[in-house]
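Asks:
2 protein chains.
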Amino acid sequence: MTQPAAHRRASIADVARAARVSVGTVSNVLNRPERVLPGTRERVEAAIEDLSFVRNGSARQLRAGTITTIGAIVLDIANPFFTDVARGIEERLDRDDFTLMVASSDDDPDREQRYLRLFEEHGVQGVMVVPATNDIDHLLAVRRRGTGVVLLDRPSSDPSISSVAVDDVRGGELAAGHLLDEGHTRIVFLNGPHTIRQCADRHAGVLKALVAAGLDPASALLEVTVTSLNAEGGEAAIRGLLESGDRPTAVFCVNDLVALGVLRTLRTENIAVPTDVAVVGYDDVAFAAELATPLTSVRQPTHELGVRAADLLLSGTDAAAQHVMFQPTLVVRGSSSSSAT
Amino acid sequence: MTQPAAHRRASIADVARAARVSVGTVSNVLNRPERVLPGTRERVEAAIEDLSFVRNGSARQLRAGTITTIGAIVLDIANPFFTDVARGIEERLDRDDFTLMVASSDDDPDREQRYLRLFEEHGVQGVMVVPATNDIDHLLAVRRRGTGVVLLDRPSSDPSISSVAVDDVRGGELAAGHLLDEGHTRIVFLNGPHTIRQCADRHAGVLKALVAAGLDPASALLEVTVTSLNAEGGEAAIRGLLESGDRPTAVFCVNDLVALGVLRTLRTENIAVPTDVAVVGYDDVAFAAELATPLTSVRQPTHELGVRAADLLLSGTDAAAQHVMFQPTLVVRGSSSSSAT
DNA sequence: GCTACATTATGAACCGTTTCACGAGGAACC
DNA sequence: GGTTCCTCGTGAAACGGTTCATAATGTAGC
Numbered sequence: 001m002t003q004p005a006a007h008r009r010a011s012i013a014d015v016a017r018a019a020r021v022s023v024g025t026v027s028n029v030l031n032r033p034e035r036v037l038p039g040t041r042e043r044v045e046a047a048i049e050d051l052s053f054v055r056n057g058s059a060r061q062l063r064a065g066t067i068t069t070i071g072a073i074v075l076d077i078a079n080p081f082f083t084d085v086a087r088g089i090e091e092r093l094d095r096d097d098f099t100l101m102v103a104s105s106d107d108d109p110d111r112e113q114r115y116l117r118l119f120e121e122h123g124v125q126g127v128m129v130v131p132a133t134n135d136i137d138h139l140l141a142v143r144r145r146g147t148g149v150v151l152l153d154r155p156s157s158d159p160s161i162s163s164v165a166v167d168d169v170r171g172g173e174l175a176a177g178h179l180l181d182e183g184h185t186r187i188v189f190l191n192g193p194h195t196i197r198q199c200a201d202r203h204a205g206v207l208k209a210l211v212a213a214g215l216d217p218a219s220a221l222l223e224v225t226v227t228s229l230n231a232e233g234g235e236a237a238i239r240g241l242l243e244s245g246d247r248p249t250a251v252f253c254v255n256d257l258v259a260l261g262v263l264r265t266l267r268t269e270n271i272a273v274p275t276d277v278a279v280v281g282y283d284d285v286a287f288a289a290e291l292a293t294p295l296t297s298v299r300q301p302t303h304e305l306g307v308r309a310a311d312l313l314l315s316g317t318d319a320a321a322q323h324v325m326f327q328p329t330l331v332v333r334g335s336s337s338s339s340a341t
Numbered sequence: 001m002t003q004p005a006a007h008r009r010a011s012i013a014d015v016a017r018a019a020r021v022s023v024g025t026v027s028n029v030l031n032r033p034e035r036v037l038p039g040t041r042e043r044v045e046a047a048i049e050d051l052s053f054v055r056n057g058s059a060r061q062l063r064a065g066t067i068t069t070i071g072a073i074v075l076d077i078a079n080p081f082f083t084d085v086a087r088g089i090e091e092r093l094d095r096d097d098f099t100l101m102v103a104s105s106d107d108d109p110d111r112e113q114r115y116l117r118l119f120e121e122h123g124v125q126g127v128m129v130v131p132a133t134n135d136i137d138h139l140l141a142v143r144r145r146g147t148g149v150v151l152l153d154r155p156s157s158d159p160s161i162s163s164v165a166v167d168d169v170r171g172g173e174l175a176a177g178h179l180l181d182e183g184h185t186r187i188v189f190l191n192g193p194h195t196i197r198q199c200a201d202r203h204a205g206v207l208k209a210l211v212a213a214g215l216d217p218a219s220a221l222l223e224v225t226v227t228s229l230n231a232e233g234g235e236a237a238i239r240g241l242l243e244s245g246d247r248p249t250a251v252f253c254v255n256d257l258v259a260l261g262v263l264r265t266l267r268t269e270n271i272a273v274p275t276d277v278a279v280v281g282y283d284d285v286a287f288a289a290e291l292a293t294p295l296t297s298v299r300q301p302t303h304e305l306g307v308r309a310a311d312l313l314l315s316g317t318d319a320a321a322q323h324v325m326f327q328p329t330l331v332v333r334g335s336s337s338s339s340a341t
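Protein sequences, first through last, are from chains A and B.
As numbered in the UniProt record's numbering, residues 1 to 341 make up the first sequence, in order.
As numbered in the UniProt record's numbering, residues 1 to 341 make up the second sequence, in order.
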């Protein structure tokens, strides 16, 4: 039995040698088995097995060109919103036998760039990105070079790039409007940085609601930027507010994880929800309804978002870009209204 | 201005031509800029910009050999347990400037194979896998061919493959033991299929606790296999039990998502927790403490699990395999004990 | 026996990088 | 002025597949 050189993966040439055929034949066995005589095929297959040969994807792709993989870059892989979207994407891709690779940018433009570059250099068919910054020039460049790009959870400002988003202005408006309806006259908004479009939009929505109610945003709104968009960030933010003596009566959180941190803190501080402080979240994650004080939240069609995004990427490499905008809905629960179910 | 051929990405040769240098020089500008005279370098950089050249990752890798990426294959990307682990992995990889690609197998051995193959063919330095089956021969084969493999959340039965796991037998024992301590004499265990090692192990732990308490498992334990390991699966399972008239007094759920579904259902059915039914979950996800009835759960050091796994993969390609086993702890809350805080 | 035509197998060209031995042109030194 | 060293830049040889024109072989038909 011929041994391959130690520590070197067997190549197609090794297989060819072992099976006493040419490399072309091995390649045919791999890609168009019907073209090779059963006897030869078996010999080749035996050699493959014997040498435990694995195709070199880089070489294959270098010559063949394409690959049926698409990449997704989300802001935070630990955020249920994004993973729900990812499930939607996967579901759709599966139908066309595409595979999905997920990477997390952590809101860091550099990391986003790094992964984007990695995906592009490896020739994925397309990337779905939740951009960490407002500026999408780098994505336009990727698009121009021939890789499909779909913006996730963010309307596209450019006609050449498709996008699938949920109306965040409307979401902010729904949340703030609800709090105002409940009689609050001042809202604390625990938001992320405005460099994240969703955050800026939700802020705009809040303003819209305040103005519609005839309030002056300067006094009726306090926006606090949380350090990280998760429970720890929410906890730190609300704790900061409480310690400064500025106890809010209504808190709108940019996502449910932040809201979770807020609820947790309010409970340990024995502050009643919604009597003393009303809380509204965003995303309506699975556990929102089951919390100690069920969380009022803005629901987004996450799964559908992912499915649709994958749809756009698969269907139209050449077709004109499409911009899909879903509408969010408000789910009122006990954390913001004592009259809620 | 020279235009590259339509629909063909610019290659290093195009750049060389445009900058009137050799391909070797372009490569040097890309990889060891200090070796080329500033003037030439600038000319090359201008050409790169001009042609919006992007390295072909396949070609690069084909020649250069390695790549600083590692792949992770988890059972369910929407499960917080796995994404928390992924965060841990990322944190560790970042320190060494490695990148992480995550894929989700959905408990499907075929999908696991597909992604494993994809990762291996593309020459990742290593893969971290939560295997969907008991049989890990395919992983051994990958390891033998030179790609690093670390088993995630699953003790390795093979000396050549490192693993990082949490003692699931102990976890099952803790959960069941606690329920028995609370006075229950019959436990319903909503478990996943035993083909998933974690499920089989937790079951073994439950048995151990029952036997230690002098009970006969045949009558003191009812194991129900849930269709999917999430809230919907939990809801369906408990609903099935209730409709069959077999109302349990103590339910142990294989993870917190399943427990969430159970709690949700019990609440809509107006069944009191823990008075009528005690519930224990597994994973101690972030929201467990904040639920309407705070959920008793088995806590696993998820983040640490990920960090340690990445550690093993990065440190020891050649070093002997290591098997790390963490111990879980039980966090008692209101869902299982009226005396809990 | 000769041509015509499938059917299989072959081997070289090619994909786009990196790497490396080598050459050209100075500078430095004796 | 000749030798030695350096600094830059060159060009061709890999890397490991796929593809395609071509060769070898066999079969049919006349």
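Backbone N, C-alpha and C define an ideal beta-carbon position, used for all residues, glycine too.
Against chain A, does HIS122 (chain B) count as a neighbour if the rule is that its beta carbon must be under 8 Å from one of theirs?
Replies: yes
Asks: In the structure shown, what three-state DSSP assignment does THR302 (chain B) receive?
Replies: helix
Asks: Would you check if the distance between the CB atom of ASP106 (chain A) and the CB atom of LEU51 (chain A) is smaller than 8 Å?
Replies: no
Asks: Tell me, please, whether the CB atom of TYR282 (chain B) is closer than 8 Å to any CB atom in chain A?
Replies: Not an interface residue.
Asks: Mapping DSSP to helix, strand and coil, what is ASP283 (chain A)?
Replies: Assigned with DSSP and collapsed to three states, ASP283 (chain A) falls in strand.
Asks: Pair every Cβ in the stretch 67-75 of chain B with every Cβ in the stretch 281-288 of chain B, then say whether three or more of these pairs are closer than 8 Å.
Replies: Under the 8 Å Cβ criterion, the stretch 67-75 of chain B does not count as touching the stretch 281-288 of chain B, having fewer than three qualifying pairs.
Asks: With the cut-off set at 8 Å, would you say LEU151 (chain B) and ILE161 (chain B) are in Cβ contact?
Replies: Cβ atoms of LEU151 (chain B) and ILE161 (chain B): closer than 8 Å.
Asks: Does chain B have any CB closer than 8 Å to the CB of THR99 (chain A)?
Replies: yes
Asks: When the Cα atoms are used, what is the spatial distance from MET325 (chain B) to GLY172 (chain B)?
Replies: Going from the Cα of MET325 (chain B) to the Cα of GLY172 (chain B) covers about 15 Å.
Asks: With a Cβ-Cβ cutoff of 8 Å, do ASP84 (chain A) and HIS303 (chain A) count as a contact?
Replies: yes
Asks: Under 7 Å Cβ to Cβ from ASN134 (chain B), same chain only, skipping five residues before and after it: list those, please.
Replies: THR195 and ARG197
Asks: Would you report the Cα separation of SER297 (chain B) and ASN255 (chain A), rounded to the nearest angstrom?
Replies: Roughly 25 Å between the two C-alpha positions.
Asks: Just curious, the beta strand (DSSP E) that THR185 (chain B) is in, first and last residue?
Replies: Note, THR185 (chain B): premise wrong, no beta strand (DSSP E); not H, not E.
Asks: For a cutoff of 8 Å on Cβ pairs, would you count THR296 (chain B) as touching chain A?
Replies: no
Asks: Since SER162 (chain A) sits in a beta bridge, which residues does DSSP pair it with?
Replies: A:VAL150
Asks: Are the C-beta of ALA231 (chain B) and some C-beta of chain A separated by less than 8 Å?
Replies: yes
Asks: Chain A beta carbons: is any one of them nearer than 8 Å to that of THR2 (chain B)?
Replies: Unreliable positioning characterises THR2 (chain B) in this predicted model, as indicated by a pLDDT of 35, which lies under 50. The coordinate reading is nonetheless provided below. Interface residue (Cβ-Cβ distance to chain A less than 8 Å): THR2 (chain B) is not classified as such.
Asks: Return the Cβ separation of VAL127 (chain B) and GLY71 (chain B) in integer angstroms, given the expectation that the two are a contact with Cβ distance under 8 Å.
Replies: 5 Å
Asks: Is the Cβ of ARG333 (chain B) closer than 8 Å to any Cβ of chain A?
Replies: no
Asks: Where PRO217 (chain B) and LEU139 (chain B) are concerned, what is the direct C-alpha to C-alpha distance, given to the nearest angstrom?
Replies: 35 Å
Asks: Inspect the CB distances between the stretch 224-242 of chain A and the stretch 177-193 of chain A and report whether three or more fall short of 8 Å.
Replies: yes
Asks: What does PHE252 (chain A) pair with, by DSSP beta-bridge criteria?
Replies: A:PHE189 and A:VAL280
Asks: With 8 Å as the threshold, decide whether the Cβ of PHE287 (chain B) is near any Cβ in chain A.
Replies: Put simply, the CB of PHE287 (chain B) is near chain A, with a gap under 8 Å to one of its CB atoms.
Asks: Please compile the residues from chain A whose C-beta is within a distance smaller than 7 Å of the C-beta of THR83 (chain B).
Replies: Below the 7 Å Cβ cutoff, chain A contributes ILE77, ALA78 and THR83 as neighbours of THR83 (chain B), in chain order.
Asks: Per DSSP, what are the beta-bridge partners of LEU295 (chain B) in this structure?
Replies: Looking at the DSSP assignment, LEU295 (chain B) forms no beta bridge with any residue, so it has no partner.
Asks: Taking C-beta pairs closer than 8 Å, name the residues in chain B that ASN56 (chain A) reaches, listed in chain order.
Replies: Chain B residues near ASN56 (chain A): LEU62, GLU121 and GLY123.
Asks: Just mark VAL211 (chain B) as buried or exposed, buried being the case when its beta carbon has 16 or more other beta carbons within 10 Å.
Replies: exposed
Asks: Take ALA292 (chain B) as the anchor and find which of A:ARG267, A:ASP311 and A:VAL277 has the nearest alpha-carbon.
Replies: A:ARG267
Asks: Given a cut-off of 8 Å on the beta-carbon distance, is the pair GLY146 (chain A) and ARG9 (chain B) in contact?
Replies: Result yes, Cβ atoms of GLY146 (chain A) and ARG9 (chain B) sit closer than 8 Å.
Asks: Please state whether the Cβ-Cβ distance between HIS102 (chain B) and ILE136 (chain B) is less than 8 Å.
Replies: One point to set straight first is that residue 102 (chain B) is Val, not His, in the sequence displayed. Their beta carbons are not under 8 Å apart, which means VAL102 (chain B) does not touch ILE136 (chain B) by this criterion.
Asks: For the alpha helix (DSSP H) that contains GLY245 (chain B), what are its first and last residues?
Replies: For GLY245 (chain B), there is no enclosing alpha helix (DSSP H), as DSSP marks it with neither H nor E.
Asks: DSSP on ALA64 (chain A), reduced to helix/strand/coil?
Replies: helix
Asks: Would you tell me roughly how many angstroms separate the C-alpha atoms of ARG20 (chain B) and PRO38 (chain B), rounded to the nearest one?
Replies: 15 Å
Asks: Can you name, in chain order, every residue of its own chain whose Cβ lies under 6 Å from the Cβ of SER11 (chain B), other than the five neighbours on each side?
Replies: none
Asks: I'd like to confirm the pairing. Which residues does DSSP put opposite GLY126 (chain B) in its beta bridges?
Replies: B:ILE70 and B:GLY148
Asks: Can you give me the C-alpha to C-alpha distance between LEU295 (chain B) and VAL124 (chain A), rounded to a whole angstrom?
Replies: Computed Cα separation, rounded: 43 Å.
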